[in-house]
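Single-structure report; data block below.
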Amino acid sequence: MTPSPAPASSATPSPVLPPIQYFRITRHRRIAWWGSAVACLISLIGMALCWLNPAIGAPLKPGLDFTGGTRIQLERACDPNCPAITVSQVAEQLEDLQLPEDAGASVPDLRGSPVQVLDQGSSIELRLPSLSAEQGTAVIEQLAGSLGPFKPGGTSVDTIGPTLGAQLLRSSLISLLVSFAAIALYITLRYDRVFAFLAILALAHDVLITTGLFAWLGLLLGVEVDSLFAVALITVAGYSVNDTVVVFDRIREQKTSLEAFPFSDQVDVAVDATLTRSIYTSLTTLLPLLGILFFGGSSLFWFSVALTAGIGFGSWSSIGVAPTLLPLFSGKGFVSSAPEDGASPTGAA
Amino acid sequence: MARQQGLFALILALAIAAGAVLFSFPLQLGLDLRGGSQLTLQVLPAGAIKTVKREQLEAVKEVLDRRVNGLGVAESTLQTIGDDQLVLQLPGEQDPSRAAKVFGTTALLEFRAQKPGTEGEMQGLLRLKRQAQSVLELSRRRASADANQSAAPGQPPAPAPSFPAEDLAKALGDLGVTVPAGAGETEQIEALLDEVNKRVVALYEPATLTGKDLVTAGRQQQQTGSGWDVTLNFNRQGGEGFARLTQSIAGSNRLLGIVLDGRSISEASVSQEFAAAGITGGAASITGNFSAEEARDLEVQLRGGSLPLPVKIIEVRTVGPLLGAENIRTSLVAALAGLALVAVFMVVVYRLPGAVAVVALSLYALFNLATYALIPVTLTLPGIAGFILSIGMAVDANVLIFERVKEELRSGNTLIRSIDGGFSLAFTSILDGHVTGLISCIALFALGTGLVKGFAVTLGIGLLLSLFTALSCTRVLLRLMMSYPNLRRPTYFLPSRQLPSPAA
């Protein structure tokens, strides 16, 4: 199946291009670029649509962590099945609630707050305006009368002030940008500026498409992004750089041994040689993530979706985007030693 | 081969040590995993203070710490974040409204004169208070000395203050305090101290001077002797009030009480020489032969009391213990199932070295958890995400190495040379990948907020350990295997059809 190379007699004077096992990536560069460009464009359109949507008004649908408010999650104690319950029943109950006053603030209006009934009616999630701790307790106690009893340890209440969300967003963005700059500096020192630029470009590509995916999910399914999404994006960024660096390292390593060949050939050889590793590594990273996706708790579902997608895009950009752009940006162009009809290249002397 | 065996013994010893660490120091779980309440507080500027600074934050924290301790929630922690925020964690607490009430009012610092004719009673109470405080202090210091095991050797122990059981029982009985049956000595003394405090405060006149007239508090070393004094500076109005207050009790046996949030934090006498006009000029010092630490405590409390900065609760998160337990269980099971598949994959694809990598990666997970327990790192959901990603990176390191070994074998190298070549060729890309990862971790840890920090910590630890296990554990184990001739077969590494020529 694989053509055997000439026995490794390194003394032969004429260099031999190592056999290409799978494919020559630079031959398919236009498809790769178009694919990525279209994906980026779709992502940008999704974010623009989100922004223009009056109900969202931001590139992504912000969750409680960023908008502020109170989220109450209740587990009903049922034995063995919960009496059926509908969203409108819960909403009706909400309208009749009497809340204690908080010093110096008017009692928030709970009418029209989004309500979700999950897991065949056994758990309820409420999204309310910002409540004080006392008011939150009052909501739970009064709902327990009509919808309860609730499981004693199954309640969760989150109240987040809007200032905290803004602070979280700002500090996440700053730390991301600083780490990008530091990574670019490191790659510039270890490789050169073009490599650093392309590594960051590939990273931006992965983060952009993952963000775009969630913009569309927000538009179509109402999926919100929370602070775990920010963590997922950071993870994707780290993974993307690692993936790209492996290919770049291979290109640098074989620079001297393949000096006689055009640069695009060197890229082809490097991508081809690292392809098995790229695929295996993505696979091994994705396995635990898929585990969480299918069997983990609901709290981590969208987090693992973001990571799975981002790692997929990261593998793609390290194969199809960063290496194929390398000859273009390093000013060496796409000259191939072999004819374009794809005959197996064996030598070039 | 003796070297490999020695290294193998070292790895084995490390694994046993890691197991022992995990056994004796349990992992600390964050509130999102074990349930509890977390409140984030913003300290707001008020009055003359336009922006809250570190120093003022410490002072507010000192005041709030006392109130939080009064809630009696075990293991509650109050930490400062940045320049103007505090985070209160209440593990196991389901109802944060009780804690929220504590932050409703600002600190109240009062200067009060003792009521006439109560000198005898006051002396008795203060004697009890000193005794109780010094016993508590001693047991606290003993506990921390036990933990550090750094008590100065050879030094004869100072005559220890003690509270004989019958004296304690009598004191409690005299004051009418009932303690729950089975309460330890410390709890009894604390109950006694509470009651004594209440009674001491009851012996004071109503306050005529409050903390809002106190400008600053400081501390200075005594000119003679090694003790410390605490200094007070009042504004003009406060200076006049303080002069009147001190004049009224100067020379008598009545004391000047400093009360913070209804708790008497200091009792001072005013000497005869101030009987004419009181302590004037708006500045005073409390001379109590304080140690540097005691002086600092009093100073911070006074400063906290002089700064009635309001706090606002900006975030409350409550997770029920059931939800927490469910979160950790499902996530753990899912991640473990995924990792089991990774192990199967490694063995199928890489054969013998794949099996070695599985052992090395198990050791890696063990070292990781032991490090979390040792530092200690509080595990949260983002922290677990960081752990899983670091496992991905550790597997990647092994994949990189074994792919290189395969390549070397395919190009006709001998087995041992291929293994060595694989490790050294893969080294630079492993290093670069890990270093870039560590760079992001440092940036995220330095600049990120709580959630992101937890992620950066576990990922950073994971990356450092992965460098060690991939490059040493896997290698040592593999080399050790290769010392057995019947394991030294290229087909244990690669399907025979991929080998260039019939292997020897």
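In order, the protein sequences belong to chains G and Y. The numbering of the first sequence is the numbering used here, which starts it at 1 and goes up by one. The numbering of the second sequence is the numbering used here, which starts it at 1001 and goes up by one. No residue lacks a Cβ here, since even glycine has one placed at the ideal position from N, Cα and C.
- In this structure, DSSP gives G/Glu-75 an extended state, which the three-state scheme calls strand.
- With respect to G/Trp-216, G/Gly-46 sits close: the two C-beta atoms are nearer than 9 Å.
- Proximity to Y/Val-1476 across Y/Val-1356, Y/Leu-1499, Y/Gln-1114 peaks at Y/Val-1356, based on C-alpha coordinates.
- Of the candidates Y/Asn-1069, Y/Leu-1090, Y/Leu-1192, Y/Val-1102, the residue whose Cα lies closest to the Cα of Y/Arg-1127 is Y/Leu-1192.
- Listed in chain order, the positions of the segment 279-292 of chain G with a beta carbon within less than 8 Å of a beta carbon of chain Y are Tyr-280, Thr-281, Leu-283, Thr-284, Thr-285, Leu-287, Pro-288, Leu-289, Leu-290, Gly-291, Ile-292.
- Closer than 8 Å at the C-beta level to chain G, one finds these residues of the segment 1445-1457 of chain Y: Ala-1446, Leu-1447, Gly-1448, Thr-1449, Leu-1451, Val-1452, Phe-1455.
- Not one beta carbon of chain G lies nearer than 9 Å to the beta carbon of Y/Asp-1194.
- Between Y/Leu-1088 and Y/Val-1060, the C-beta gap is not smaller than 9 Å, which leaves the two residues out of contact.
- At a cut-off of 9 Å, the C-beta of Y/Thr-1051 has no neighbouring C-beta in chain G.
- Spatial neighbours of G/Pro-129 in its own chain (CB-CB distance under 8 Å, excluding positions within 5 residues in sequence) are listed in chain order as Gly-69, Thr-70, Pro-108, Asp-109, Leu-110, Ser-113.
- With contacts defined as CB atoms closer than 9 Å, Y/Ala-1250 and Y/Gly-1281 fail to qualify as a contacting pair.
- Excluding sequence positions up to five before and after Y/Arg-1098, its CB lies within less than 8 Å of the CB of Leu-1071, all in the same chain and listed in chain order.
- Between Y/Pro-1206 and the set Y/Lys-1115, Y/Ala-1275, Y/Ser-1134, Y/Pro-1353, the nearest pair of CA atoms involves Y/Lys-1115.
- Partner residues in the beta bridge of Y/Gln-1114, as assigned by DSSP, are Y/Tyr-1204.
- Around the beta carbon of G/Leu-52, fewer than 16 other beta carbons sit within 10 angstroms, so the residue counts as exposed.
- Beyond the five residues adjoining it in sequence on each side, Y/Pro-1376 comes within less than 6 Å, by CB distance, of Gln-1028 in the same chain, given in chain order.
- If the five residues before and after Y/Lys-1129 are omitted, its C-beta is found closer than 6 Å to the C-beta atoms of Val-1196, all from its own chain and listed in chain order.
- Inter-residue distance for G/Asp-243 and Y/Ser-1429 is about 9 Å (C-alpha atoms, whole angstroms).
- G/Phe-261 places its beta carbon 9 Å or farther from that of G/Pro-327.
- Residues of the segment 225-236 of chain G whose Cβ lies closer than 8 Å to any Cβ of chain Y, in chain order: Ser-227, Leu-228, Ala-230, Val-231, Ala-232, Ile-234, Thr-235.
- By the Cβ neighbour-count rule, Y/Ile-1016 is exposed, with fewer than 16 other Cβ atoms within 10 Å of its own.
- Nearest Cα to Y/Gly-1019 within the set Y/Leu-1366, Y/Ile-1388, Y/Gln-1131: Y/Leu-1366.
- Beta-bridge pairing by DSSP links G/Gly-69 to G/Ile-160.
- Just so you know, the alpha carbons of G/Ala-196 and Y/Asp-1432 end up roughly 12 Å apart.
- Put simply, the CB of G/Asp-192 is far from chain Y, with every gap to its CB atoms at 9 Å or more.
- What Y/Glu-1315 touches in chain G, judged by beta-carbon distance under 7 Å, is Thr-159, Ile-160, Gly-161, Leu-164, going in chain order.
- Straight-line measurement puts the Cα of Y/Lys-1212 at about 17 Å from the Cα of Y/Arg-1244.
- In the structure shown, G/Glu-253 falls within a helical segment according to DSSP collapsed to helix, strand and coil.
- Counting along the chain, Y/Ala-1009 sits inside the alpha helix (DSSP H) bounded by residues 1002-1024.
- Sequence-distant Cβ neighbours of G/Leu-49 in its own chain, meaning closer than 7 Å and more than five residues away, are Leu-219.
- With 16 or more neighbouring CB atoms inside 10 Å of its own CB, G/Lys-61 falls in the buried class.
- Distance between Y/Ser-1472 and Y/Ala-1002, taken at the CA atoms: about 16 Å.
- In the structure shown, the three-state DSSP call for G/Arg-190 is helix.
- Contact of G/Ala-309 with chain Y is not assigned, every C-beta pair being separated by 9 Å or more.
- Counted as a single uninterrupted DSSP element, the stretch harbouring Y/Ala-1250 is not any beta strand (DSSP E), since DSSP gives it neither H nor E.
- Note: G/Pro-62 is bridge-paired with G/Val-225 in the DSSP secondary-structure output.
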